[in-house]
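**Student:**
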Amino acid sequence: MNTRIRLFIWFILISVIPLLIMGGFSYYLISEKISKQNEENINNINKGIYNMVDTQQKVLTQWLASAAAAFDEKLVSLGQSHFDYSNMVEIGGYRLPTWYIGSQKITGENTLVDILIAKQKLPATIFQFKDNKFIRVASNVRQDDGHRIVDTLIESGPIYEKLINSQLFQGRGSVEGIMHALIYQPIFDREGKLIGAFVLGRREQEYELLDAIKNIVVGETGYATVMDPKGTFIIHPQNQGKSAAGYAWAQEILQKKNGSITYDYNERQKVAYYMYYEPWNWYIVTGSYTTEIFNTTRELFNGLLLVCLLVILISAALAYVMSSTFFHPINELAGVMRQVQSGNLTVRLHHNSTDEFKTVGNALNAMLNNISLLVGRILNNSLTLKESSHNLLDDITDAREALKSMESGVDSLRQSAQVSSQTLTSGNNPNDEILHAIEEVKDAVNKMKVMVADGSVEGLISVQDASEKIELLRRKFLVQSVIDQNVSIPFSLQNKINNLDVELAKLKMLTKHISTSAASLDEIALSLDRNVNIFKVEEPANEEKPISNS
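First residue of the sequence shown: 1, per the UniProt record's numbering; consecutive thereafter.
#1: Could you please give the first and the last residue of the uninterrupted beta strand (DSSP E) stretch that includes K133?
#2: Tell me A272's beta-bridge partners as DSSP assigns them.
#3: Mark F25 as exposed unless 16 or more other C-beta atoms lie within 10 angstroms of its C-beta, in which case mark it buried.
#4: Between R136 and D114, which are expected to be in contact by the criterion C-beta below 8 Å, what is the C-beta distance as a whole number of angstroms?
#5: Would N110 be called buried (16 or more neighbouring beta carbons within 10 Å of its own) or exposed?
#6: Quick check on this structure: which residue in Q238, R148 and F198 has the alpha carbon closest to the alpha carbon of F169?
#7: Answer yes or no: do A68 and I183 have a C-beta to C-beta separation smaller than 7 Å?
#8: Near K162, which residues of its chain fall below 8 Å by C-beta distance, leaving aside the five closest residues on each side in sequence?
#9: Determine contact between the stretch 328–343 and the stretch 359–379, defined as no fewer than three beta-carbon pairs at a distance below 8 Å.
#10: Would N381 pass as a contact of S527 if the rule is Cβ separation under 7 Å?
#11: When we look at the beta-carbon of F8 and count the other beta-carbons within 10 Å, is it buried (16 or more) or exposed?
#12: For F98, which of helix, strand or coil comes out of DSSP?
#13: For D131 and A65, I'd like the C-alpha separation in whole angstroms.
#14: Return the CA-CA distance between S323 and C308, expressed in angstroms with no decimal places.
#15: Just the C-alpha distance for V375 and V347, rounded to the nearest angstrom, thanks.
#16: Can we say the stretch 31–51 touches the stretch 271–291, given the rule of at least three CB pairs closer than 8 Å?
#17: Starting from T152 and walking both ways along the beta strand (DSSP E), at which residues does that stretch end?
#18: Below 8 Å on the Cβ atoms is my contact criterion, and I expect Y223 with I216 to pass it. Report the Cβ-Cβ distance as a whole number of Å.
#19: How far does the beta strand (DSSP E) with Q185 in it extend, from its first residue to its last?
#20: What are the uninterrupted segments assigned as beta strand (DSSP E) that are 3 or more residues long and contained completely in the stretch 232–258, given in chain order?
#21: Let me check one thing: in DSSP terms, what residues is A224 bridge-paired to?
#22: Using three-state DSSP, classify I91 as helix, strand or coil.
#23: Pull the bridge partners of I126 from the DSSP assignment, please.
#24: I need the DSSP call for Q56, collapsed to helix, strand or coil.
#25: Run through the DSSP bridge pairs and tell me what H82 is partnered with.
#26: DSSP has Y277 in a bridge; who is on the other side?
#27: Within its chain, find whatever has a CB closer than 7 Å to the CB of G427; leave out the 5 residues flanking it on each side and keep chain order.
#28: What residue from S260, V226, N258 and G259 has the CA that sits closest to A245's CA?
#29: What residue range is occupied by the uninterrupted alpha helix (DSSP H) comprising residue 558?
#30: Can you list, in chain order, the residues of its chain whose CB lies under 7 Å from that of P237, leaving out five sequence neighbours each side?
#31: Under a three-way DSSP split, which group does T386 fall into?
#32: What did DSSP end up calling F25 once you bin it into helix, strand or coil?
#33: Considering Cα atoms alone, identify which of L75, L393, K33 and E401 is closest to I187.
#34: Have a look at M179 and G303 and give me their C-alpha separation to the nearest angstrom.
#35: State the start and end residues of the unbroken beta strand (DSSP E) segment that holds S166.
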């Protein structure tokens, strides 16, 4: 994996990881908040239904009180109550005198109550008091078959107790199986004697209220329901009139009356809030499926996921562009370095920007120029070194040959000197000195041979010593030849000494050549040392230090 890909991946990670952390944390907080708000909404809807029912009840109570007062004023306005005992009427097994209020007949006459039902849709009944019983003598309440409900009695119970004690009763009761808000008010004659009562009622569960509750939608498919104390649905979108008493969640609601519950319904988890409305004996339940409650959370998650994907794509595009832009000069640099590695020192890095890469490019180009110059100098010095080394080897070889010739000449000279000494007639034998001189020359030649064999070029400078010893040998030989007055043998020795001089002169010339080659090698070494210093950075001049007075 190259650096560009690593940088690309790191850029993506640096861009995405903080986003994922922040997005995940935000999603957690927001989802918790949304879930809590949704459940609060369900609870608020449930409370709203409760308040709506309670408001309906309070309005009914006040309205009935107002309607009862108005009806009472209506009765008073008709005139005084009186009974016609000459016109007895049998109602509910009782013979009752005909009751009049003013000229308005009450017993068996439904005119007053029909006006209420026609104008105000107000169920009303008038009771006539007889033998401590309240007998229904006029009513606009009808049965399912259309017949009026008459002949019924009130002779006991809380309503009776209120009326018999001349008190008003306000509460609720069933009228033909439908719960109504009711108000019972006693009727008195001119002397304040209890002679009857009337009751006005209004259906508690008006159709508008029932429809309003039934039409409430929570979430997508959540709804509100109402149960009675037996677990029967009073209001339900599909199961109205059916019983839920067999379900554990319904029993818990009936027992606790107020609270919340989570349960499985139709193989789906559901959360519900419930409240008990005591005046109507209602259990108001509002619920929704948890999957619908978290729909917003899922939408939020999908939105965050989409945003993350978009950010990743944008980050990838930016990372690609930035890495391409950033690594373009680096790739050029790598290409130049590969060509340099393969031996091409003529390549140069061309970068026109004004950033750090231009500095790198200029430094690299300067370094390549120095390397090219250094390589050129090294190649030139190498050629010079090869030539000097070749010349030095040739000179050393020639010096060895010259030394061999000198050694042979010295051996021949020794033999000639020995022959010459054997032919001497004189008792005096000065050839010993000549032989001694020859041995010194021999030693000098052997010494030079050893030096040449060891490669000690400096030792060749000692050829001057050998030259002096040969000159000494020549003088001794001339002295001896004068003494011996022998011409033939000394002439041969003289030639051999001259040959030694020739070889010695040749050796001197080779010595100069070797010295020249050695100097050339020293110059090459100095040049190499100077070329090495081509990369050294010049140090700033030392600042002048103050002279201490010590």
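Virtual Cβ for every residue (Gly too), placed ideally from N, Cα, C.
**Tutor:** If we stick to the structure as given:
#1: What you label residue 133 is simply residue 133 of the sequence shown in a count that begins at 1. Per DSSP, K133 belongs to the beta strand (DSSP E) from K133 to S139.
#2: Numbered from its first residue, the sequence shown carries residue 272 at position 272. Partner(s): I261 and G287.
#3: For this step, residue 25 is matched to residue 25 along the sequence shown. With fewer than 16 other Cβ atoms within 10 Å, it is exposed.
#4: What you label residue 136 is simply residue 136 of the sequence shown in a count that begins at 1. What you label residue 114 is simply residue 114 of the sequence shown in a count that begins at 1. Rounded, the Cβ-Cβ distance is 15 Å, inconsistent with contact.
#5: Indexing the sequence shown from 1 puts residue 110 at position 110. It is buried - the Cβ of N110 has at least 16 other Cβ atoms within 10 Å.
#6: By one-based count along the sequence shown, residue 169 stands at place 169. Measuring from the Cα of F169, the nearest candidate turns out to be F198.
#7: The sequence position of residue 68 within the sequence shown is 68, counting from 1. The sequence position of residue 183 within the sequence shown is 183, counting from 1. It is a contact, given that the beta carbons lie within the stated cut-off.
#8: On the sequence shown, residue 162 is found 162 positions in, with the first residue counted as 1. Here the set comprises L168, F169 and Y184.
#9: yes
#10: In the sequence shown, the residue the question calls residue 381 occupies position 381. In the sequence shown, the residue the question calls residue 527 occupies position 527. Cβ atoms of N381 and S527: closer than 7 Å.
#11: Indexing the sequence shown from 1 puts residue 8 at position 8. That one is buried.
#12: The sequence position of residue 98 within the sequence shown is 98, counting from 1. Going by the sequence as given, residue 98 is Thr instead of Phe. Strand, per DSSP.
#13: Your numbering for residue 131 matches position 131 in the sequence shown. Your numbering for residue 65 matches position 65 in the sequence shown. Each residue's Cα considered, the two are about 28 Å apart.
#14: Here residue 323 refers to the residue found at position 323 of the sequence shown. Here residue 308 refers to the residue found at position 308 of the sequence shown. Rounded to the nearest angstrom, the two C-alpha atoms are 21 Å apart.
#15: For this step, residue 375 is matched to residue 375 along the sequence shown. For this step, residue 347 is matched to residue 347 along the sequence shown. Roughly 15 Å between the two C-alpha positions.
#16: yes
#17: Residue numbering aside, residue 152 sits at position 152 when the sequence shown is read from its first letter. That residue, T152, is in no beta strand (DSSP E); it is neither H nor E in DSSP.
#18: Here residue 223 refers to the residue found at position 223 when the sequence shown is read from its first residue. Here residue 216 refers to the residue found at position 216 when the sequence shown is read from its first residue. Confirmed, about 7 Å.
#19: Locating residue 185 in the sequence shown gives position 185, where the first residue counts as 1. From DSSP, the beta strand (DSSP E) with Q185 extends over I178 to F188.
#20: 233–235
#21: What you label residue 224 is simply residue 224 of the sequence shown in a count that begins at 1. According to DSSP, A224 bridges with T286.
#22: Residue numbering aside, residue 91 sits at position 91 when the sequence shown is read from its first letter. In this structure, I91 counts as strand in the three-state DSSP scheme.
#23: In the sequence shown, counting from the first residue as 1, residue 126 sits at position 126. Beta-bridge pairing links I126 to A138 and F198.
#24: Here residue 56 refers to the residue found at position 56 when the sequence shown is read from its first residue. Q56 falls in the helix class under three-state DSSP.
#25: Taking the sequence shown and counting its residues from 1, one reaches residue 82 at position 82. DSSP lists Y100 as partners of H82.
#26: Position 277 of the sequence shown, counted from the start, is the residue given in the question as residue 277. Paired residues: W282.
#27: On the sequence shown, residue 427 is found 427 positions in, with the first residue counted as 1. At G427 the pLDDT is 45, less than 50, meaning the model places this residue with poor confidence; the figure from the coordinates comes in the next sentence. Same-chain partners within the cutoff: there are none.
#28: Translated into the one-based positions of the sequence shown, residue 245 becomes position 245. Among S260, V226, N258 and G259, the Cα nearest to that of A245 belongs to V226.
#29: As displayed, the chain neither begins before 1 nor continues past 550, which places residue 558 out of reach and without an answer.
#30: Sequence index remark: in the sequence shown, residue 237 carries index 237 (1-based). Within the same chain, P237 has close Cβ partners K214 and Y223.
#31: Translated into the one-based positions of the sequence shown, residue 386 becomes position 386. According to the sequence as given, residue 386 is Lys; it is not Thr. If DSSP states are grouped into helix, strand and coil, K386 belongs with the helices.
#32: Working through the sequence shown from its first residue, we reach residue 25 at position 25. Residue state, collapsed to three classes: helix.
#33: Along the sequence shown, read from residue 1 onward, the residue named residue 187 stands at position 187. If we check each option's Cα against that of I187, L75 comes out closest.
#34: In the sequence shown, the residue the question calls residue 179 occupies position 179. In the sequence shown, the residue the question calls residue 303 occupies position 303. Roughly 51 Å separates the two Cα atoms.
#35: By 1-based counting over the sequence shown, the position of residue 166 is 166. No beta strand (DSSP E) holds S166; DSSP gives it neither H nor E.
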